[in-house]
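Using the numbering used here, the first residue of the sequence shown is number 1279, and each one after it goes up by one.
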Amino acid sequence: MQTIVKSLTDRKIWLAPLAGFTDKAFRKICKQNGADIIVSEMVSADGIVFDKNRSISYTDSDESHHPFGIQLFGSEPKIMAKAVETILEKKPDFIDVNMGCPVKKVIKRGAGSALMKNPEKAEAIIREMKNALQGCEVQLSTKIRSGWDMQNINCVDFGKMLQNAGTDMICLHPRTRTQMFSGRSDWSLIKELKHNLTIPIIGNGDIRTPEDAREMFSQTNCDSIMVGRGILGKPWLLNEIKNYLLNAEIQTLSLSEKYEIILQHFEEVVKNRGEQTAIREMRTHFSYYTKGFKGSAKIRDFINKSLDKKAVLSAIRELYSKE
Ligand SMILES: Cc1cc2nc3c(=O)[nH]c(=O)nc-3n(C[C@H](O)[C@H](O)[C@H](O)COP(=O)(O)O)c2cc1C
């Protein structure tokens, strides 16, 4: 078991779950461009148990995604355990529990970061889920924040409780729930968590460049890192990080190589969702892909209205041909 956990957490680059972005197509693109470990967007355990057909599609994966984790959110230990039994049919390598989501809709149900205010409930969830995983090699990870607010930073004690209850690894995004995404994440808490626990720790928060990734490892001594918003509009950052960690060299792709990746991303969504849905669904990604180019506001405006695949792609290609 320890070998499996090590293979997931030994200086690996994890793709962060980003609801609305890291769907099956984008996970594949990120995997091809340097992500070692992929996690699904959060999926409701209640949804899996009570409305399986609708919710389970979020967990779709293919062979190229492995090692692959499915993230669940919920607040009822028995339902979380039942959801685990159901999603095992998707053959994940690990199941991740969301105890960090700050969004009202999730908090209201006592799930996500609300669980950091309710350690007894959180403990019961981990114990029930671990129990449901008995006898199989699927690992359990938990994603947490620093705590609820600045007066209640409890990630170290909470982490110890999770470790005792049976989680195999913890990912820490060191912001409080009330901070949401503002300010800087406090990496010293990752260091403290690592120092106090024996299970692997995945450090997350504000990795935007290869240098940030190296700093995260050296400042916190974490076992692996997780990258989220930094890859929006540039999934190739993952490979840049990987190369930099290996060779201390920044290797950047040419604009035309980057365009090829965008094209592959688009085609992958078309394959999964059909052309017209893909054009609409890709708009948020396109707005990231086109950021920072001179005159890109006009092009974004066009892309947001157009349903013509050829015209959309040629507008993006024009930006990416200005080397
Ligand atoms: C749009 C968006 C969606 C997110 N969805 C999830 C999610 O489904 N599950 C989760 O645990 N965290 C989610 N997060 C949090 C990220 O996984 C990550 O912890 C956070 O963005 C900090 O890392 P970063 O600075 O590298 O982005 C989301 C964040 C954003 C911005």
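Each residue gets a CB set at the ideal place from its N, CA and C atoms; glycine is no exception.
Bear in mind that the values here come from a model prediction, so they are computed numbers and not experimental data.
| query | result |
| --- | --- |
| Could you name the residues, in chain order, whose CB is less than 7 Å away from a heavy atom belonging to ligand 1? | A1294, P1295, L1296, A1297, G1298, F1299, E1319, M1320, Q1349, N1376, G1378, C1379, K1421, H1451, F1459, S1463, N1482, G1483, D1484, I1485, M1504, V1505, G1506, R1507 and G1508 |
| Can you give me the start and stop residues for the beta strand (DSSP E) that C1449 sits inside? | M1447 to T1454 |
| Rounded to a whole number of angstroms, what is the C-alpha to C-alpha distance between H1344 and E1470? | 30 Å |
| With DSSP as the reference, label E1553 as helix, strand or coil. | helix |
| For F1436 and E1559, I'd like the C-alpha separation in whole angstroms. | 37 Å |
| Pull the bridge partners of F1571 from the DSSP assignment, please. | F1571 is not bridged to any residue. |
| Just verifying my parser: in three-state terms, what is the DSSP assignment at W1292? | strand |
| Using the C-alpha atoms, what's the distance from A1575 back to I1365? | 42 Å |
| Within 10 angstroms of its Cβ, does Q1529 collect 16 or more other Cβ (buried), or is it exposed? | exposed |
| For a test of the three-state rule: what should DSSP assign to L1350, helix, strand or coil? | strand |
| Residues in the same chain with beta-carbon distance under 7 Å from V1416, minus the five sequence neighbours each way, listed in chain order, please. | L1366, P1370, D1371, F1372 and I1373 |
| For G1325, which residues of its own chain have a beta-carbon under 6 Å away from its beta-carbon, when the five flanking residues on both sides are left out? | S1333 |
| Counting only the same chain and skipping the five closest in sequence on each side, list residues whose C-beta sits under 7 Å from that of E1546. | A1303, K1306 and I1307 |
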